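What follows is a short report on a single structure.
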Amino acid sequence: MKEIIDLGMHGKSLLRLCDIEDWQMLGLVKAAIALKARKKAGLHLDNPLIKGKNVALIFQKSSTRTRCSTVNAVRDEGGHAEYLGKNDIHFGKKESVKDSARVLGRLFDGILFRGFEQKTVEDLAEYSGVPVWNGLTDQWHPTQVLADLQTVQETFGTLKGLTLAFVGDGRNNVCNSLMVGCAKAGVNMVDVCPEELAPEPSLVEYCRKIAKANGSEVIVTHDPIDGVKGVNVLYTDVWVSMGEEELFQQRLKLLSPFQINMAMCERTGNLKNGRLMFLHCLPAFHDNNTEVSREIGAMEVADEVFEAPFSKVFDEAENRMHTIKAMILASLL
Ligand code: CP
Ligand code: NVA
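Numbering (this note's numbering), first residue to last: 9 to 341.
In structure tokens, the structure reads:
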């Protein structure tokens, strides 16, 4: 197991997928697949890999998957995970991020951070002196995309040459990271979004260069009809990310034509031939069973797609744990 985790990342942080080599990213996905099999066989119980290591989880925003995946990934391998929510520590309030980082770096072997500004996670990495992992900022969500790539690889047996369309808020943290992840993996990426929610041109240009080297392309389109033709992976995320709640009504108007429903799935041309899957990082508004969606019902994805056999969202959610484990082991082993 140790050989597969040896990806030249020992002692290193993972703040953005841009910061690692293509082969390292693909190595993490491969390691996650091996770790998944190892856990299913119960082998982690005999030979935990990070016994005695302590990992801090600093969360300024809510989380189900990232938090629980990290806690279980660390515990599975004999380590201890300490959850530090937004009201639990002085971080950035009574104590500067720099000082908290220097303290936590003395107490923990690694830190996973979820919050707002990318600069905060960068400061944590700079001053703590231990590996820091980005569990979501306003700009990036790298650990999500590792799980997405694992799920695509498991479903189609390959990554290179497939086409993924992200449909929705084409400049959010998940979409930004997917663009980088797809480019590095040689997956064609179509960002299907309203003009007002287009990605940063500099990011698109950067990803196009990487994609070209890997034989794929990055396309940005504002057409939800033509944009999904030939697509193998339809991917979406909430229309309003954490911290943007006041934009709710505006986003509903802008994004309604971009809902992933069966009509859109049919337009891919791959619904009938088994070459289509649906992914969503979750949580999702696919029905009226949440406080937020009670009045509105489904938003970014219709319930019939969310619940369809080609929807792999719960495999994707499980894979968060295996990929986060791969990343932590790569840094700590
Ligand atoms: N996809 C994801 O990051 O989920 P959580 O917000 O529940 O962690
Ligand atoms: N874009 C979403 C992702 C949640 C996992 C958000 O930032 O809220």
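We put the beta carbon where it would ideally sit given N, CA and C, even for glycine. All of these numbers come straight from a predicted model, not from anything done at the bench.
beta-carbon Thr74 near the ligand NAP non-hydrogen atom, thresh 7 Å: Among the ligands modelled here, namely the ligand CP and the ligand NVA, the ligand NAP does not occur.
Near the ligand CP: Leu23 beta-carbon under 7 Å from a heavy atom: no
Neighbourhood of Lys106 by C-beta, 7 Å cutoff - its chain only, sequence neighbours within 5 removed: Asp131 and Tyr135
Rounded separation between Leu260 and Leu53 - CA only: 47 Å
Proximity test, Cys183 beta-carbon vs the ligand CP heavy atom, cut-off 7 Å: no
Arg104 CB to nearest heavy atom of the ligand NVA below 7 Å: A small correction: the amino acid at residue 104 is Ser; Arg does not occupy that position in the sequence shown. For the ligand NVA, not one heavy atom lies less than 7 Å from the Cβ of Ser104.
Beta carbon of Tyr91 nearer than 8 Å to that of Arg114: no
Exposure label - Gln257; buried when at least 16 CB within 10 Å: exposed
For Phe322, the three-state DSSP class (helix, strand or coil): helix
Proximal residues to Ser339 (C-beta, below 8 Å), its chain only, five neighbours per side dropped: Met17, His18, Gly19, Lys20, Ser21, Leu22, Gly118, Pro139 and Trp141
Closest by C-alpha distance to Ala193, when choosing among Asn184, Leu211 and Ala221: Ala221
Check whether Phe121 and Ile41 have beta carbons under 8 Å apart: no
Per-residue burial, Ser185 [other beta carbons within 10 Å of its own, 16 or more giving buried]: buried
Whole-angstrom distance between Gly35 and Ile13, CA atom to CA atom: 8 Å
From Ser70, Phe116, Leu112 and Gln158, residue whose alpha carbon lies closest to that of Lys38: Gln158
Sequence-distant residues of the same chain with beta carbon closer than 7 Å to Cys226, five excluded per side: Cys is not the amino acid found at residue 226; the sequence shown has Val there. Closer than 7 Å at Cβ, skipping near neighbours: Met187, Ala191, Met197, Val212, Cys215, Arg216 and Ala219.
Buried versus exposed call for Lys127 [16 or more other C-beta atoms within 10 Å across all chains shown]: exposed
Contact under 8 Å by Cβ, Trp247 with Asp177: yes
Check whether Thr151 and Glu125 have beta carbons under 8 Å apart: no
Distance CB(Leu57)-CB(Leu337) smaller than 8 Å: yes
Rounded C-alpha distance that separates Glu299 from Lys69: 18 Å
Closer than 8 Å to chain B by CB, Val309: Within the model displayed, chain B is absent; a lone protein chain is all it includes.
C-beta contact flag for His330 and Lys44 at 8 Å: yes
Span of the beta strand (DSSP E) around Ile119: Gly118 to Arg122
Continuous beta strand (DSSP E) stretch holding Ala263: start and end: The sequence shown places Leu at residue 263, rather than the Ala named in the question. Careful: Leu263 lies outside any beta strand (DSSP E), inside the alpha helix (DSSP H) at Phe256 to Leu263.
Any non-hydrogen atom of the ligand NVA closer than 7 Å to Ser249 Cβ: yes
For Glu53, three-class secondary structure by DSSP: For the record, residue 53 in the displayed sequence is Leu; it is not Glu. Correct three-state label for Leu53: helix.
Cβ-based burial, Gly322 [other Cβ within 10 Å; buried from 16]: In the sequence as displayed, the identity of residue 322 is Phe instead of Gly. Exposed.
CB contact flag (Leu112, Ala64, <8 Å): yes
Leu255 Cβ short of 7 Å to the ligand CP heavy atom set: no
Beta-carbon proximity check, Leu172 vs Val241, cutoff 8 Å: yes
Spatially closest choice to His288 from Pro202, Ser301, Val309 and Glu274, by CA coordinates: Val309
Rounded Cβ spacing between Ile304 and Val175 (contact assumed at less than 8 Å): Contact doesn't hold; Cβ gap of about 18 Å is too wide.
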